[in-house]
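*Asks:*
In the UniProt record's numbering, the protein residues as written are 1 to 338.
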């Protein structure tokens, strides 16, 4: 991981646990990780670097510490010594694209995109003797399935290209250049990140973010397209909430108590609580039934006993599971008010 990206995920005023940031970037979805990612305002970065290794991440931390750009506190939390704004990251990788990344199987989406567009390019030019890009068998199978899903005659090929070109016109010019430059096609081998970095005079970590934003934007385009692109990536997209979490949420919205849900589904009450906390964290404020989990009077009672900074709230050691659930739900609700 590039240290320049990491330091922009840190704060000069809020100490942050490195393991939480790592687990957020790689997509670990425990309630604890999700909650602290929410508190760090990094939830939109969930699953953005699914292949990131701890040694690589820790190496970036150590480099920043050696350069005295980051301080490690006594409890192991990190505090940036530079007050960097995150607007640069949002320009490179907008939040809507980061949220899309959360529901994508990134590796297979990347492979299928590269091979699918390459195959389409050579089909248009009637060149079937090309060397396909190196991808997994799963991606090859999906591209073959995509080509079998329609006739791919001249009219259909024209519709696909027109739709793709129209989408490219909606991208910032630099993003469109990066997207097209990395593709392999007829008389175009595709450029590496290093080559793009040199050509655009941008550091490689920024090229990586632009490519990630492009991939997510392409997936969004495919989902909305009605000319055949949708079938290319559709098998590799998930829902925002897992099925068990969605089932629990639906039951609560319909008025079923948590205890009844646990009994009916043969699950532990703690599992039901985790489902609801997960949904509360991941969904927008107005899409979660907070009043069915912790009423206003209980929230106010909890808030009165706590300091203004939610990071400094302290739960009681003798709290019951239900009390802790309401305490954490109140923290989530309060965080989303700001």
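Where a beta carbon is used, it is the ideal one built from N, C-alpha and C, also for glycine.
#1: What are the uninterrupted segments assigned as alpha helix (DSSP H) that are 4 or more residues long and contained completely in the segment 127-187, given in chain order?
#2: Counting only runs of 3+ residues fully inside the segment 21-89, write out the beta strand (DSSP E) ranges in chain order.
#3: What do you get for residue 141, buried or exposed, if any count of 16 or more other CB atoms within 10 angstroms of its CB means buried?
#4: Which runs of the alpha helix (DSSP H) spanning at least 4 residues fall entirely within the UniProt domain "Helicase Helix-turn-helix" (246-304), listed in chain order?
#5: In its own chain, which residues sit with a C-beta less than 6 angstroms from the C-beta of residue 222, not counting the 5 before and 5 after it?
#6: In the DSSP output, which residue or residues are listed as bridge partners for residue 16?
#7: From residue 118 to residue 98, what does the alpha carbon distance come to, in whole angstroms?
#8: Terminal residues of the continuous alpha helix (DSSP H) containing residue 100?
#9: If I measure Cβ to Cβ from residue 262 and keep anything under 8 angstroms in the same chain, skipping five residues before and after, which residues do I get?
#10: Reducing DSSP to helix, strand and coil, say where residue 1 ends up.
#11: Can you tell me where the alpha helix (DSSP H) with residue 203 in it begins and where it stops?
#12: Using DSSP's beta-bridge definition, name the partner residues of residue 237.
#13: With H, G and I counted as helix, E and B as strand and the rest as coil, what does DSSP make of residue 6?
#14: DSSP on residue 122, reduced to helix/strand/coil?
#15: Distance check for residue 158 and residue 238, CA to CA, integer angstroms please.
#16: I need the boundaries of the alpha helix (DSSP H) containing residue 322, first residue and last residue.
#17: Helix, strand or coil: how does DSSP classify residue 230 here?
#18: If you run the structure through DSSP and keep just helix, strand and coil, what is residue 116?
#19: Taking 8 angstroms as the cut-off, does the segment 80-96 touch the segment 8-18 (at least 3 CB pairs, one atom from each stretch)?
#20: Answer yes or no: do residue 50 and residue 106 have a C-beta to C-beta separation smaller than 7 angstroms?
#21: So, do the segment 313-325 and the segment 282-290 have three or more beta carbon pairs nearer to each other than 8 angstroms?
*Replies:* According to the data block:
#1: The segment 127-187 is shown to contain whole alpha helix (DSSP H) runs of 4 or more residues at 137-148, 154-170 and 173-181, in chain order.
#2: Listed in chain order, they are 70-72 and 78-80.
#3: Residue mapping note: residue 141 aligns to position 141 of the chain shown, counting from 1. Label assigned to residue 141: exposed.
#4: Listed in chain order, the complete alpha helix (DSSP H) runs (minimum 4 residues) inside the UniProt domain "Helicase Helix-turn-helix" (246-304) are 258-265, 269-282 and 296-304.
#5: In the chain shown, the residue the question calls residue 222 occupies position 222. 229, 230, 232 and 233.
#6: For the purposes of this step, residue 16 is taken as the residue at position 16 of the chain shown. According to DSSP, residue 16 shares a beta bridge with 78.
#7: Within the chain shown, residue 118 is the residue found at index 118, counting from 1. Within the chain shown, residue 98 is the residue found at index 98, counting from 1. Taking the straight line joining both Cα atoms gives about 25 angstroms.
#8: Start at 1 with the first residue of the chain shown, and residue 100 comes out as number 100. Where residue 100 is concerned, the enclosing alpha helix (DSSP H) stretches over 95-101.
#9: Here residue 262 corresponds to residue number 262 of the chain shown, with the count starting at 1. Within the same chain, 268, 269, 271 and 272 come within 8 angstroms of residue 262 by CB-CB distance, once the 5 residues on both sides are set aside.
#10: For this step, residue 1 is matched to residue 1 along the chain shown. Under the three-state reduction of DSSP, residue 1 is assigned to coil, being neither helix nor strand.
#11: Position 203 of the chain shown, counting from 1, holds the residue named residue 203. Per DSSP, residue 203 lies in no alpha helix (DSSP H) segment and is marked neither H nor E.
#12: Translated into positions along the chain shown, residue 237 becomes position 237. In the DSSP output, where bridge partners are listed per residue, residue 237 has 104.
#13: For the purposes of this step, residue 6 is taken as the residue at position 6 of the chain shown. The three-state reading of DSSP puts residue 6 in helix, counting H, G and I together.
#14: By 1-based counting over the chain shown, the position of residue 122 is 122. Residue 122 falls in the helix class under three-state DSSP.
#15: As a working note, residue 238 is residue 238 in the chain shown. As a working note, residue 158 is residue 158 in the chain shown. Distance between the alpha carbons of residue 238 and residue 158: 29 angstroms.
#16: Against the chain shown, residue 322 aligns to sequence position 322. Counting along the chain, the alpha helix (DSSP H) containing residue 322 begins and ends at 321-335.
#17: If you number the chain shown from 1, residue 230 lands on position 230. Under the three-state reduction of DSSP output, residue 230 falls in the helix class.
#18: Against the chain shown, residue 116 aligns to sequence position 116. Residue 116: helix per DSSP, three-state reduction.
#19: Counting Cβ pairs under 8 angstroms, three or more are found: they touch.
#20: Position 50 of the chain shown, counting from 1, holds the residue named residue 50. Position 106 of the chain shown, counting from 1, holds the residue named residue 106. Contact flag set, yes.
#21: Too few Cβ pairs lie closer than 8 angstroms, so no.
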